[in-house]
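Asker: Note that our numbering numbers the sequence shown so that position 411 is 421, with each residue one more than the last.
Think of the CB as a built atom: it goes at the ideal place given N, C-alpha and C, for glycine as much as any other residue.
Would you mind keeping the following structure in view while I ask a few things?
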Amino acid sequence: MPDEKNFESNASRRFLIGVLALLAALILVSGCTPPETIPPPLVPLATLSPPKTIFSEPAARIVPTIRIKLGDDAPEAVVKIHGAFRLADLSTGRTLLAGARMDNGHFTCDQHGLLLLNAQSLPAPRVEILPADDGTVEVFGALYHGRLRVMAVRGQVRLVNAVDLEQYLPSVVGQEMYPSWHLEALKAQAVAARSYALYEMRRGGADPEFDLFATQKSQAYPGMNSETDNSRQAVKETRGVILAFDDGGVERVLPAFYHSTCGGHTFNAADVFPGRPGVDAVRGVACGYCTSAKCYRWQAVVPAETFRREFQADVPGGAAMCPINRAAVRPDDLTADGRVRTVSLWTTPDKSQRWPVPEETFKQLFPPDQKVRSDRFSVSFVAGHLLVSGAGYGHGVGMCQFGAETLAAGGRKAEAILSYYYPAAHLARAY
Ligand SMILES: [Zn+2]
11 MPDEKNFESN ASRRFLIGVL ALLAALILVS GCTPPETIPP PLVPLATLSP PKTIFSEPAA
71 RIVPTIRIKL GDDAPEAVVK IHGAFRLADL STGRTLLAGA RMDNGHFTCD QHGLLLLNAQ
131 SLPAPRVEIL PADDGTVEVF GALYHGRLRV MAVRGQVRLV NAVDLEQYLP SVVGQEMYPS
191 WHLEALKAQA VAARSYALYE MRRGGADPEF DLFATQKSQA YPGMNSETDN SRQAVKETRG
251 VILAFDDGGV ERVLPAFYHS TCGGHTFNAA DVFPGRPGVD AVRGVACGYC TSAKCYRWQA
311 VVPAETFRRE FQADVPGGAA MCPINRAAVR PDDLTADGRV RTVSLWTTPD KSQRWPVPEE
371 TFKQLFPPDQ KVRSDRFSVS FVAGHLLVSG AGYGHGVGMC QFGAETLAAG GRKAEAILSY
431 YYPAAHLARA Y
């Protein structure tokens, strides 16, 4: 879940208030229409469909091992092992060294692509550290269960945590939702995160060497520090349970995307993640349950000249852009699902030249304290500024986390929450 706790500085808020006052004044004097607002569709609880709790037979009893890349590849990495360990060649399994603990294992690479540990060459480009008795591994100041793979990749050190899927999840649930949220919301999160991890494992999407990133690029996984009693309980009570869907008579793992706040309606996964297997099974649903989220509605503003300078510097061919004098998201700029695909900017002298700016580019050119938080927004040109009014936070696909918490607070079980946001899916037991 994106951190929305401190997304607005006081300075930017004061500035925004000033621009909004100006906008109100402009509306009064010119009669122009305010930016389009998106009414929240409200769905009464009574219309929720009952959960489809079909449990298939366990396919296997063995909990899979998931491989998560920790951080970015870097020239060096420092590893600590709090207990006895063995270090083995990852390719052959042969033990290269063993010890009672590793206080400061300083890994680097040499020019031949081999690893060095504390300046001593290791006879392998890829090794695995196996702590005894689930001793913990410490890297970047964070603790992890499982094993740690250290690899030399193009002269850089890569770290990959190989861990039992059930040991991985409490950290993800504790980070992706507030630990104080209701247990049924945390359980829904655990099932969605388990499904997403398994889906990515089977898809082989990330890399041959790992399945997931440790960031929101996949799922946030900061290690044992984010585990709580509640997140561990949510994982334990849903052990092995995943979301599945019927793919022409074959049961497959659902790509169970989720996000912070949908702002009123979730998107079709096929629109946001085209080409990935199974995305047709995750379709948009109305959600009236995230209205209390800070980012249910939001605004961002930047001086049009600042934006233009960024555009000229960063976008190929952008140097030719003249001063902006109009901005909008037109119907043609939207996908059929209502997502912003492009933003239209018009420039002086005659307002005739339209620059269709791709949505990703448009977002990237806004400063971090004026973040464009979702793909559902309108844009207007007000008193020399680009004013963005939007709804929701995140990619908008699958479970809306703030909506899930509202449903859990209203007494809904995890099964009902999942059934609501993934209506084409059923629960299945993966192991
Ligand atoms: Zn929502």
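When burial is assigned at 16 or more other CB atoms within 10 Å of the CB, is residue 72 buried or exposed?
Answerer: As a first step, residue 72 must be located in the sequence shown, where it is residue number 62. Result: exposed.
Asker: Check whether the stretch 166-173 touches the stretch 395-405, taking contact to mean three or more Cβ pairs, one atom from each stretch, closer than 8 angstroms.
Answerer: No: the two stretches stay apart, fewer than three of their Cβ pairs being nearer than 8 angstroms.
Asker: Of the choices 80, 196 and 300, whose alpha-carbon is the least far from that of residue 240?
Answerer: As a first step, residue 240 must be located in the sequence shown, where it is residue number 230. Here the closest residue by C-alpha is 196.
Asker: If we count Cβ pairs, one from each stretch, closer than 8 angstroms, do we get three or more for the stretch 155-162 versus the stretch 368-384?
Answerer: no
Asker: Verify the contact flag: residue 271, CB atom, against every heavy atom of ligand 1, threshold strictly below 7 angstroms.
Answerer: Looking up residue 271 in the sequence shown gives position 261. Yes, ligand 1 has a heavy atom inside 7 angstroms of this Cβ.
Asker: Please name the residue or residues paired with residue 267 in a DSSP beta bridge.
Answerer: Taking the sequence shown and counting its residues from 1, the one referred to as residue 267 is at position 257. DSSP output for residue 267 lists no bridge partner at all.
Asker: Drop a sphere of 10 angstroms on the beta-carbon of residue 34, count the other beta-carbons inside from all chains shown, and report buried for 16 or more, exposed for fewer.
Answerer: Within the sequence shown, residue 34 is the residue found at index 24, counting from 1. Any answer about residue 34 is weak, because its pLDDT of 40 lies below 50 and its placement is not dependable; what the coordinates show is given next. Exposed, since its Cβ has fewer than 16 Cβ neighbours within 10 Å.
Asker: Please find out if some non-hydrogen atom of ligand 1 comes closer than 7 angstroms to the beta-carbon of residue 267.
Answerer: In the sequence shown, counting from the first residue as 1, residue 267 sits at position 257. Every heavy atom of ligand 1 is 7 angstroms or more from the Cβ of residue 267, so no.
Asker: Within the stretch 222-248, note down every full alpha helix (DSSP H) run reaching 4 residues or more, in order along the chain.
Answerer: 239-247
Asker: Let's see if you can read the secondary structure: which residues bound the beta strand (DSSP E) around residue 126?
Answerer: Here residue 126 corresponds to residue number 116 of the sequence shown, with the count starting at 1. For residue 126, the enclosing beta strand (DSSP E) stretches over residues 125-127.
Asker: Check for me: the beta strand (DSSP E) holding residue 141 runs from which residue to which?
Answerer: Position 131 of the sequence shown, counting from 1, holds the residue named residue 141. Residue 141 -> beta strand (DSSP E) spans 136-141.
Asker: Got a sec, what are the start and stop residues for the beta strand (DSSP E) residue 490 sits in?
Answerer: Because the chain is modelled from 11 through 441, residue 490 falls outside the range shown and cannot be assessed.
Asker: Under the three-state reduction of DSSP, which class applies to residue 437: helix, strand or coil?
Answerer: On the sequence shown, position 427 is the one that residue 437 refers to. Three-state result, residue 437: strand.
Asker: Which runs of the beta strand (DSSP E) spanning at least 3 residues fall entirely within the stretch 330-381, listed in chain order?
Answerer: 334-338, 352-357 and 363-368
Asker: For the alpha helix (DSSP H) holding residue 180, just list the boundary residues, first then last.
Answerer: For the purposes of this step, residue 180 is taken as residue 170 along the sequence shown, with counting starting at 1. 175-186 is the extent of the alpha helix (DSSP H) around residue 180.
Asker: In chain order, what residues of the same chain have a beta carbon less than 6 angstroms from the beta carbon of residue 165, not counting five sequence neighbours either side?
Answerer: Sequence index remark: in the sequence shown, residue 165 carries index 155 (1-based). Within the same chain, residue 165 has close Cβ partners 119.
Asker: Could you pull out every residue in the same chain whose Cβ sits closer than 7 angstroms to the Cβ of residue 220, ignoring the five residues on either side in sequence?
Answerer: By 1-based counting over the sequence shown, the position of residue 220 is 210. The residues are 77, 78, 79 and 170.
Asker: Among the candidates 263, 389, 135 and 186, whose CA atom is the shortest distance from the CA of residue 343?
Answerer: As a working mapping, residue 343 is identified with position 333 in the sequence shown. Comparing Cα positions, the closest option is 389.
Asker: What's the C-alpha gap between residue 322 and residue 211?
Answerer: Taking the first residue of the sequence shown as position 1, residue 322 is located at position 312. Taking the first residue of the sequence shown as position 1, residue 211 is located at position 201. If you take the alpha carbons of residue 322 and residue 211, they lie about 41 angstroms apart.
Asker: Closer than 6 angstroms by C-beta to residue 52: which residues in its own chain qualify, once you throw out the five before and the five after it? Chain order, please.
Answerer: Position 42 of the sequence shown, counting from 1, holds the residue named residue 52. Unreliable placement is indicated for residue 52, whose pLDDT of 35 sits below 50; no coordinate value is reported for it.
Asker: Check whether the stretch 191-208 touches the stretch 232-252, counting contact only when three or more Cβ pairs, one atom from each stretch, lie closer than 8 angstroms.
Answerer: yes
Asker: According to DSSP, what are the bridge partners of residue 162?
Answerer: Counting from one through the sequence shown, the residue named residue 162 turns up at place 152. Beta-bridge pairing links residue 162 to 167.
Asker: For residue 118, which three-state DSSP category applies?
Answerer: Locating residue 118 in the sequence shown gives position 108, where the first residue counts as 1. The answer is strand: DSSP assigns residue 118 an E or B state.
Asker: Please work out which residues of its chain come closer than 7 angstroms, Cβ to Cβ, to residue 254, disregarding the five sequence neighbours upstream and downstream, and give them in chain order.
Answerer: The sequence position of residue 254 within the sequence shown is 244, counting from 1. Excluding residues within five positions, the ones whose Cβ falls inside 7 angstroms are 261, 262, 263, 264, 435, 436 and 438.
Asker: Is it true that the stretch 343-359 meets the stretch 318-333, where meeting means three or more beta-carbon pairs spaced less than 8 angstroms apart?
Answerer: yes
Asker: From the DSSP output, which residues share a beta bridge with residue 396?
Answerer: In the sequence shown, the residue the question calls residue 396 occupies position 386. Answer by DSSP bridge pairing, in chain order: 312 and 391.
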